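Report on the following structure.
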Amino acid sequence: MLPALDDFPNIDQTLFVVPEASALQALRPSAHAPRILLLYGSVRERSYSRLLSEEAARLLRAMGAETKTFDPRGLPLPDDAPDSHPKVAELRQLAQWAEGMVWTSPERHGAMTGIMKSQIDWIPLADGAVRPTQGKTLALMQVSGGSQSFNAVNQLRVLGRWMRMLTIPNQSSVAKAFLEFDEAGRMKPSAYYDRVVDVMEELVKFTLLTRDVSPYLVDRYSERKESAEALSKRVNQRSL
Numbered sequence: 162m163l164p165a166l167d168d169f170p171n172i173d174q175t176l177f178v179v180p181e182a183s184a185l186q187a188l189r190p191s192a193h194a195p196r197i198l199l200l201y202g203s204v205r206e207r208s209y210s211r212l213l214s215e216e217a218a219r220l221l222r223a224m225g226a227e228t229k230t231f232d233p234r235g236l237p238l239p240d241d242a243p244d245s246h247p248k249v250a251e252l253r254q255l256a257q258w259a260e261g262m263v264w265t266s267p268e269r270h271g272a273m274t275g276i277m278k279s280q281i282d283w284i285p286l287a288d289g290a291v292r293p294t295q296g297k298t299l300a301l302m303q304v305s306g307g308s309q310s311f312n313a314v315n316q317l318r319v320l321g322r323w324m325r326m327l328t329i330p331n332q333s334s335v336a337k338a339f340l341e342f343d344e345a346g347r348m349k350p351s352a353y354y355d356r357v358v359d360v361m362e363e364l365v366k367f368t369l370l371t372r373d374v375s376p377y378l379v380d381r382y383s384e385r386k387e388s389a390e391a392l393s394k395r396v397n398q399r400s401l
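In terms of my numbering, the sequence shown is residues 162 to 401.
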C-alpha cells in the first residue's frame, strides 16, 4: 500500500508522479543509428587525444552508430565571441544532433586541457526551450604522457553530471600514449585498447537503452512545479 499523500503536506499532489516501469518502454523505438558526437582536447599535429577519439569513432561505427567529430581548431575562448561565431554555432548544432557523446582529453598539469573545457563551456545548459545535453549519454577517456592517471576523467565526470548527462560507469585512461599508437595513428593491441572497446560497447548499449525514454528519465517534480507556477503567473497577470 502506498502512503496517502495527505501525509506529505509539502507535496503538490497534482504534480506528484509515481514512477512506472511501463513508462520506460518506448512506444515507437527509434530505428535510426545511435548518433554520437566526439570531442577531443588537443590541437597538436600528432594529438593522441584525437587519435584515441578517432579509434573510438571507428569502433562506434562498427557497432552500428553514426558518428561526428568536432574539430576544436578555431573555436574562440568562451565569452570572447558571440554565439553566432561559425565554430560555436557548429558545436551547438552538433550537440543538439547527438544522442550521446565521447569526451577525450589529455591530462595537462593534472587536469583536463583548456581546449577541452572551452568546448564544454560553449555548450549551454539550455538553448531556449531545449537542453542540448540533458538526458544524453556520455563516455569519458583521457590520455597521459606518463603513468596512468584519472584526474582528467574524474573532472570530466563532474562536468557530465553538471551538464545533466547520463555518464556511463566505465571509462578509459591511456598511460604513455606516445607508445600506444603506430605511425599510421592506429592504436596498438593492448589492455588499454581492450578497455576502449569496452567503453564504446557500453556507450552504445546505454544510448540504445535510454535515448527514447530520456525525457521521462529526466522529468522532475521540482521542474514540473516551477513550470506550473510560471504558467500560473503568466496567465493570471494583469494586461499590460
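Glycine included, each C-beta is placed from N, C-alpha and C at the ideal position. Here the structure is a predicted model, which is why all the values come from computation and not from measurement.
Pull up the CB-CB distance for residue i and residue j, whole angstroms please, since I reckon it's below 8 Å.
{"i": "L370", "j": "Q280", "result": "26 Å between Cβ atoms; not a contact."}
{"i": "D288", "j": "P239", "result": "So it is not a contact: roughly 15 Å between Cβ atoms."}
{"i": "A194", "j": "E227", "result": "4 Å"}
{"i": "Q316", "j": "M273", "result": "5 Å"}
{"i": "S308", "j": "A336", "result": "5 Å"}
{"i": "D343", "j": "A187", "result": "That belief does not hold up - the Cβ atoms of D343 and A187 are roughly 42 Å apart, past 8 Å."}
{"i": "T298", "j": "I284", "result": "With a Cβ gap of about 15 Å, T298 and I284 do not count as contacting."}
{"i": "L252", "j": "R385", "result": "Contact doesn't hold; Cβ gap of about 30 Å is too wide."}
{"i": "V178", "j": "S214", "result": "Wrong, their Cβ atoms sit about 39 Å apart, outside the cutoff."}
Note down, in chain order, each residue of its chain lying with its Cβ closer than 8 Å to the Cβ of residue i, except the 5 sequence neighbours on either side.
{"i": "G296", "result": "R325, M326, L327, T371, S375, P376, L378 and V379"}
For residue i, which three-state DSSP category applies?
{"i": "M348", "result": "strand"}
{"i": "Q295", "result": "coil"}
{"i": "D240", "result": "coil"}
{"i": "F177", "result": "coil"}
{"i": "P267", "result": "strand"}
{"i": "M262", "result": "strand"}
{"i": "E227", "result": "strand"}
{"i": "L401", "result": "Because L401 sits at a pLDDT of 45, beneath the cut-off of 50, its placement in the model cannot be relied upon, and the following sentence gives the value as read from the coordinates. In this structure, L401 counts as coil in the three-state DSSP scheme."}
{"i": "D300", "result": "Reading off the sequence shown, one finds Ala at residue 300, where the question assumed Asp. Strand, per DSSP."}
{"i": "D168", "result": "helix"}
{"i": "R196", "result": "strand"}
{"i": "D373", "result": "coil"}
{"i": "D355", "result": "helix"}
{"i": "A272", "result": "strand"}
Going by DSSP, what residue range makes up the beta strand (DSSP E) through residue i?
{"i": "S334", "result": "L327 to V335"}
Need the endpoints of the alpha helix (DSSP H) that residue i sits in, please.
{"i": "K278", "result": "G275 to W283"}
{"i": "V204", "result": "Taken as a continuous stretch (DSSP letters only), V204 belongs to no alpha helix (DSSP H), as it is neither H nor E."}
{"i": "Q309", "result": "Neither: Q309 is in no alpha helix (DSSP H) and is coded neither H nor E."}
Given residue i, which residues of its chain have a CB within under 7 Å of its CB, disregarding the five upstream and five downstream residues?
{"i": "H246", "result": "P237"}
{"i": "A391", "result": "none"}
{"i": "I276", "result": "G202, S203, V204 and P233"}
{"i": "R356", "result": "S333"}
{"i": "A259", "result": "R196, I197, L198 and K297"}
{"i": "M224", "result": "M361, E362 and V365"}
Between which residues of its own chain and residue i is the CB-CB distance below 6 Å, once the five residues before and five after are set aside?
{"i": "Q174", "result": "L166"}
{"i": "K248", "result": "G235 and L236"}
{"i": "I197", "result": "L221, A226, T228 and G261"}
{"i": "I329", "result": "A300, E363, L364 and F367"}
{"i": "A338", "result": "Y209 and V304"}
{"i": "V360", "result": "A300, N331 and S333"}
{"i": "G346", "result": "L212"}
{"i": "L401", "result": "Reliability fails at L401, whose pLDDT of 45 lies under 50, so the model's placement of it is uncertain and the value that follows must be treated cautiously. Closer than 6 Å at the Cβ level, and outside the excluded window around L401, lies no residue."}
Does the CB of residue i have a neighbour CB from chain B at under 8 Å?
{"i": "W264", "result": "Protein chain content of the structure displayed is limited to a single chain, and chain B is not contained in it."}
For the ligand GDP, is there any heavy atom lying closer than 7 Å to the beta carbon of residue i?
{"i": "A287", "result": "Although the ligand GDP was asked about, the structure shown includes no ligands whatsoever."}
(message) Quick check: the stretch 309-323 against the stretch 260-278, are at least 3 beta-carbon pairs closer than 8 Å?
(response) yes
(message) Closer than 8 Å is the cut-off here; do at least three beta carbon pairs connect the stretch 228-247 with the stretch 201-210?
(response) yes
(request) Could you say if the stretch 209-222 and the stretch 316-323 meet the contact criterion of at least three C-beta pairs nearer than 8 Å? (result) no
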